[in-house]
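Protein chains in written order, with the working numbering: chain A, 5 to 137; chain Y, 544 to 1044.
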Amino acid sequence: MTHLLRAALLILCALILASCRQSAQPMPTPDPDIQLEWLPADKPFRVGLDALIFSLKNARSEPIRGALIEVRGDMNHAGMVPVNGMAEGGTDDGRYVVPFEWTMGGDWILTVRATLPDGRSTQRRYEVQVRAQ
Amino acid sequence: MSRHTPLYQPPLDALRAPLIGRLLKRRHGRLLLQIPLFLAAVLLTYDGFTGEQIASRNLATVGAWVHYRGLVILALLLAGNLFCMGCPFTLPRTLAKRLAGSGKRFPRLLRNKWLAIGGLFLIFWLYEVTDMWASPLLTAWLIVAYFAASFVLELIFTESPFCKYICPLGAFNFAYSTLSPLQIGVRNAKTCQTCVGKECINGSYSAQPVILPAQISERPPIQHDRRGVLGCGTLLYAPQIKSNMDCTFCLDCVRACPHDNVILGVRSPARELRQPHTLPKRWDVNFLLVALAFMGIVNAFGMVPPVYALLRDLALALGTNAEWLLLLIVFFVGSLALPALLSIGAAWLANLLAGKQQRPHLLRHTFAAFAPAFVPIGAGIWAAHYGFHFIIGALTIIPVLHNFLLDHGIGLFGTQVNWQLGGVANAEQFAIVQVILLIGGYFASMMLARRIAVREYGVARSQLAFLPYALLFLALLLAAFFIFSQPMEMRGTAELDGLFH
Ligand code: SF4
Ligand code: SF4
Ligand SMILES: [Cu+2]
């Protein structure tokens, strides 16, 4: 019994120590040659179907075509199912339209990943608020 | 009704259930629940500190805000105070008790529920101000704070004041276990009358195993070895228990009674609330029951769009956009001031309308008499809210756990995480259950209040005494309906930040 309690206490101490060096999940260092941008919508986000537009350019601001854009939306509240969307190819001016459904009002964290035809990739994160009505 | 009315005749003892009953009654039977819950708490804390800081992908936030909250209220309604029974926070405390030896007694001034009510208020407010549901890190800190608080208090004081006087979770569980279908009781009241040791409350610290004369020839049903056993930590006396308030379901009394006379009896969920004065006629205990119903409303209100409109208006009126202050005002008014004002007002009105001049009712007595009537409607509100999160998110723990294992190099269940696992029903389907919970709670509260009015004022005057409470419950029901018919938004009040820009 005492062993058990000692163990419990030890685990707790270890946890408190662990808290002192929280490993913030590192985002991959963005490739300076890939510029991923989310073009802002002109109206507030609302629950329902939406189309998210991204632009992809290189360092010289030339559009990148043929890439894959993957979007993952997580709600900032436990117990919510993430929503995924993607677009491939893009238009001549390097735009990608991702069909996406906001399934509930609230705070969303959007993780956007662009993978180029040559395999290089970059990732960005956005926080948005979606209205229920 | 006499003090010795048995729970049921013959009493139905949940501890007579095959296997599980025997296991729970063993010396360390409580560990059966405590160890899994302790490991869960450690896992949650660990992931909260080290895992990805996205609430819907972290065990800390999913475990605490979806599963713990949902299951607690479910267990209270279907069985009893199972969370306190398996409470992991008491594990390190037992060690603290050994380290501390004999300490001071908890200050008399604080031996009531005011600290716990303050603690509940503080937690609900902090939860909103810090957007705790969105932060695995803060959730982990909350768990650590719980362990630390119960440990330190045990070091300082002799009795275990944490459960009885401080723990906000415990206060919630105590309050709603008053309508649980299980309760500690005794098999045979006569046995207690002749019982010498009253071990159920005193505990036993015998130098040698306790064997009663009547059992010399047979194997005693309960055997105490030389380590002795604990009596009730919250100082409840088994044969006199009429209420689940303050009972942590630890079963120490069951283990302590040398006559095997203590049972975990099955009762009607309405039994305790319908009986007169099962709780002391004190302001603190009874206000806990009242305030929790209002806190249920305020807590749910924090998740629907109108709260932003209210905060915005308040911000403009006060010329401040300090979110903590605005929320403090809303929470203070909604979960402390309003319940105090309305419930004391209702008691005053009931006395005014129905009281007799020759024998006036004390305000405190009326207040205490009607307080149990706030339990069913409160339980309905909490269940409608926490049940909602649980039902629409119960299965998300599977991908989150799977992902956690993969992150730590355990590929036992394959490398494909199925993130699309969600709830067991969707929000629209659960809406029907919410309506049933709210209306059911409301009607139960109305019937209770009606019954209490008849008991306190007699049939002829009962209508008048009942009236203020009927109106109050109707207002609570309408407020709940208003909130639950709004679309829930899973977000913080960050919107306020841009208010004046
Ligand atoms: S419950 Fe057991 S220990 Fe307590 S008074 Fe009755 S017989 Fe004695
Ligand atoms: S010892 Fe006290 S708190 Fe524990 S189960 Fe018995 S009555 Fe309840
Ligand atoms: Cu909620």
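Each residue gets a CB set at the ideal place from its N, CA and C atoms; glycine is no exception.
Minimum Cβ-Cβ distance from residue 939(Y) to chain A less than 8 Å:
Judged by the 8 Å Cβ criterion, residue 939(Y) is in contact with chain A.
Please classify residue 601(Y): does DSSP put it in a helix, a strand, or coil?
In the structure shown, residue 601(Y) sits in coil (DSSP, three-state: anything other than H, G, I, E or B).
Give me the Cβ distance between residue 987(Y) and residue 1012(Y), rounded to the nearest whole Å; I'm assuming they're in contact under 8 Å.
Not quite, the Cβ-Cβ distance comes to about 13 Å (not below 8 Å), so this is no contact.
Does the beta carbon of residue 772(Y) fall short of 7 Å from some heavy atom of ligand 1?
It does not: the Cβ of residue 772(Y) is nowhere closer than 7 Å to a heavy atom of ligand 1.
Spatial neighbours of residue 693(Y) in its chain, beta-carbon cut-off 6 Å, leaving aside the 5 residues before and after
Closer than 6 Å at Cβ, skipping near neighbours: 632, 636 and 705.
Given 8 Å as the limit, is there contact between the segment 76-93 of chain A and the segment 40-53 of chain A, that is, 3 or more CB pairs closer than that?
Fewer than three Cβ pairs drawn from the segment 76-93 of chain A and the segment 40-53 of chain A lie within less than 8 Å of each other, which leaves the two stretches out of contact.
Compute the Euclidean distance between the alpha carbons of residue 673(Y) and residue 846(Y), then round it to the nearest angstrom.
For residue 673(Y) and residue 846(Y), the distance between alpha carbons rounds to 14 Å.
Would DSSP call residue 963(Y) helix, strand or coil?
Reduced to three states, the DSSP call for residue 963(Y) is coil.
What does residue 1032(Y) touch in chain A if you count any residue whose Cβ is under 7 Å from its own?
Correct list: 109, 110 and 136.
To the nearest angstrom, how far is it from the Cα of residue 902(Y) to the Cα of residue 790(Y)?
C-alpha separation (whole angstroms): 35 Å.
Which whole-angstrom value describes the C-beta separation of residue 784(Y) and residue 726(Y), a residue pair presumed to lie in contact below a C-beta threshold of 8 Å?
Between residue 784(Y) and residue 726(Y), the beta carbon gap of about 7 Å places them in contact (Cβ cut-off 8 Å).
When the distance is taken between beta carbons, is residue 812(Y) closer than 8 Å to residue 723(Y)?
Yes, these two residues count as a Cβ contact at 8 Å.
Show which residues of chain A have a CB atom less than 9 Å away from the CB atom of residue 974(Y).
By Cβ distance, chain A contributes nothing, its closest Cβ being about 14 Å from residue 974(Y), past 9 Å.
Rounded straight-line distance, which links the Cα of residue 781(Y) to that of residue 804(Y):
In this structure, the alpha-carbon of residue 804(Y) lies about 9 Å from that of residue 781(Y).
Segment contact, 8 Å Cβ cut-off, at least three pairs: the segment 818-836 of chain Y with the segment 907-919 of chain Y:
These segments touch.
Within the same chain, show all residues whose beta-carbon is closer than 6 Å to that of residue 697(Y), passing over the 5 residues directly before and after it, in chain order.
Excluding residues within five positions, the ones whose Cβ falls inside 6 Å are 636, 639 and 640.
Going along chain A in order, which residues have a C-beta closer than 9 Å to the C-beta of residue 599(Y)?
Ordered by position in chain A, the residues that pass the 9 Å Cβ test against residue 599(Y) are 78, 79, 80, 81, 82, 83, 84, 85, 86 and 113.
Within-8 Å CB hit, residue 951(Y) to chain A
False, the Cβ-Cβ gap to chain A never drops below 8 Å.
Interface residues of chain A around residue 963(Y) at Cβ under 7 Å?
Contact of residue 963(Y) with chain A by beta-carbon distance below 7 Å involves 85.
Please report how far the alpha carbon of residue 1036(Y) lies from the alpha carbon of residue 681(Y), in whole angstroms.
In this prediction, residue 1036(Y) scores a pLDDT of 49, lower than 50, which makes its location untrustworthy; the coordinate-derived value is nonetheless stated afterwards. C-alpha separation (whole angstroms): 17 Å.
Report yes if the C-beta distance between residue 792(Y) and residue 572(Y) is below 8 Å; otherwise report no.
For residue 792(Y) and residue 572(Y), no; Cβs fall outside 8 Å.
Is the shortest distance between the beta-carbon of residue 30(A) and the beta-carbons of chain Y less than 8 Å?
Note that residue 30(A) has pLDDT 46, beneath the 50 cutoff, so the model's placement of it is unreliable and the number below is only indicative. No Cβ of chain Y is located within less than 8 Å of the beta carbon of residue 30(A).
Could you give the C-beta distance for residue 711(Y) and residue 744(Y), rounded to a whole number, given that I count them as a contact under 8 Å?
The Cβ separation is near 26 Å, so there is no contact.
Where does residue 810(Y) land, buried or exposed, given buried means 16+ other C-beta within 10 angstroms?
Residue burial is scored here from C-beta neighbours: residue 810(Y) has at least 16 other C-beta atoms within 10 angstroms and is therefore classed as buried.
Could you name the residues of the segment 664-685 of chain Y whose beta carbon sits closer than 8 Å to any beta carbon of chain A, in the order they occur along the chain?
Along the segment 664-685 of chain Y, the positions whose C-beta sits under 8 Å from a C-beta of chain A are 674, 676, 677, 680, 683 and 684, read in chain order.
Taking the alpha carbon of residue 996(Y) as the point to measure from, which residue in 939(Y), 957(Y) and 897(Y) has its own alpha carbon closest?
A check of alpha carbon separations from residue 996(Y) across 939(Y), 957(Y) and 897(Y) identifies 897(Y) as the nearest.
Under 6 Å Cβ to Cβ from residue 980(Y), same chain only, skipping five residues before and after it: list those, please.
923, 926 and 927.
Locate the alpha helix (DSSP H) running through residue 993(Y), then write down its first and last residues.
Counting along the chain, the alpha helix (DSSP H) containing residue 993(Y) begins and ends at 970-1027.
By the 7 Å beta-carbon criterion, what residues does the segment 853-877 of chain Y contribute toward chain A?
Against chain A - using a Cβ distance shorter than 7 Å - the segment 853-877 of chain Y contributes no residues.
List the residues of chain A whose Cβ lies closer than 8 Å to the Cβ of residue 958(Y), in chain order.
Those do not exist, as residue 958(Y) stays about 17 Å from chain A at its closest Cβ, beyond 8 Å.
Determine the DSSP secondary structure at residue 43(A), reduced to helix, strand or coil.
Residue 43(A): strand per DSSP, three-state reduction.
Output the distance between the C-alpha atoms of residue 800(Y) and residue 703(Y), rounded to the nearest integer angstrom.
If you draw a straight line from the Cα of residue 800(Y) to the Cα of residue 703(Y), it comes to about 20 Å.
Is the CB-CB distance between residue 586(Y) and residue 574(Y) below 8 Å?
No; because the gap between Cβ atoms is not below 8 Å, this pair is not in contact.
Who are the near neighbours of residue 555(Y) in its chain, counting only those whose CB is closer than 6 Å to its CB and skipping five residues on each side?
Scanning its chain for C-beta atoms nearer than 6 Å, with the 5 sequence neighbours on each side dropped, one finds around residue 555(Y) the residues 809, in chain order.
Which class does residue 141(A) belong to by DSSP, given the choice of helix, strand or coil?
Examination of residue 141(A) is not possible in this model, given that chain A is present from 5 through 137 alone.
The segment 599-617 of chain Y: which residues have C-beta closer than 7 Å to a C-beta of chain A, in chain order?
Shown in chain order are the members of the segment 599-617 of chain Y whose Cβ falls below 7 Å from a Cβ of chain A: 599, 600, 604, 605, 608 and 609.
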